[in-house]
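Undergrad: In this note's numbering, each number is its position in the sequence shown, counted from 1, plus 143.
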Amino acid sequence: MLFGIPKEIFIYLVLFFTLLPIIVLSTMIKSSYVKISLQKKLWIILLTPILATGILILIASTVSMFLRSFSSASSVNMYAFLGMCLLILFLLVAPLYLLVYISKVIWTRKHPDYAIIKLEKKTHWPKREGVLFLSIDEKPFGKSDDSFHLLEQILITSGEHKVEFSKFSQNTIERINPYYEDFREEISFHFKKNTTYLVTFKEKGKLKTFNIQELS
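(1) Helix, strand or coil, according to DSSP, for residue 191 in the structure here?
(2) Which residue's Cα is closest to the Cα of residue 340: 301, 323, 324, 351?
(3) Closer than 6 Å by C-beta to residue 326: which residues in its own chain qualify, once you throw out the five before and the five after it? Chain order, please.
(4) Beta-carbon within less than 7 Å of residue 280's beta-carbon, same chain only, minus the 5 sequence neighbours each way: which residues are those?
(5) Quick check on the DSSP output: the beta strand (DSSP E) that includes residue 314 runs from which residue to which?
(6) Just curious, the beta strand (DSSP E) that residue 257 is in, first and last residue?
(7) Can you check which of these residues, 312, 252, 285, is closest to residue 270 by C-alpha distance?
(8) How big is the Cα-Cα spacing for residue 239 and residue 276?
(9) My output table needs one value for residue 322: the three-state DSSP class, helix, strand or coil.
(10) Do you know whose CA, among 266, 294, 282, lies nearest residue 259's CA?
(11) Is it buried or exposed, residue 307, if we count other Cβ atoms within 10 angstroms and call 16 or more buried?
(12) Where DSSP assigns a beta bridge to residue 267, which residues make up the other side?
(13) Taking the C-alpha atoms as reference points, what is the distance between residue 248 and residue 332?
(14) How big is the Cα-Cα spacing for residue 244 and residue 355?
(15) Under 9 Å between the Cβ atoms of residue 256 and residue 336?
(16) Please state if the CB of residue 191 and the CB of residue 263 are separated by a distance shorter than 9 Å.
(17) Which same chain residues end up closer than 7 Å to residue 174 when comparing Cβ atoms and leaving out the 5 residues on each side of it in sequence?
(18) So for residue 172, helix, strand or coil by DSSP?
(19) For residue 296, which residues in the same chain have their Cβ closer than 8 Å to its Cβ, ignoring the five residues on either side in sequence?
Dropping the structure here:
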């Protein structure tokens, strides 16, 4: 046992966390303007398994400690164990939601006249397809202050922008290479403030394009 985890399972998990960043970096659909240096890739590949394994050890050690106390003590400890599990879950998830919420408040106060973009998604199990937002004004998504990702919506500053979209398909059964890019296009479009848009993929014969439709 290592940190309350069977040795074989621990080794498999470390191997998984080591391969995960390599798989993601090699298969993810990236913007045409994304430039990831070799040094940055190596840092991602190195730090991801270290951080993920550290979190795993922390959770496993805590759970193992309470399981041991639960097996040798009264039923009162069951509530303590469940409470600790919920606390760990809260401490892992709550900061992420809080960070997103604070970031959204800051961004919307800085850009009050923004538009909302919704992206088309279709699911026909096991296949899933839809549209990805890749870049704005030749800057990869997440690198420009003119856009903000909020759950299934993209907040974007009003005005003329050159936006890059990708049509993807995904087989939910496959896990090694989940995303396949079918089409990519850059579009110049004027986004009006306080307006919601839906981006859909249109294909007619050999003609493929993205359509930006005003919803409200």
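Glycine residues also receive a C-beta, built at the ideal position from the N, C-alpha and C atoms.
TA: To lay it out plainly:
(1) helix
(2) 301
(3) 310, 351
(4) 287, 289, 304, 305
(5) 302 to 314
(6) 257 to 262
(7) 312
(8) 22 Å
(9) strand
(10) 294
(11) buried
(12) 270
(13) 25 Å
(14) 27 Å
(15) yes
(16) no
(17) 277, 278, 283, 284, 307
(18) coil
(19) 259, 260, 261
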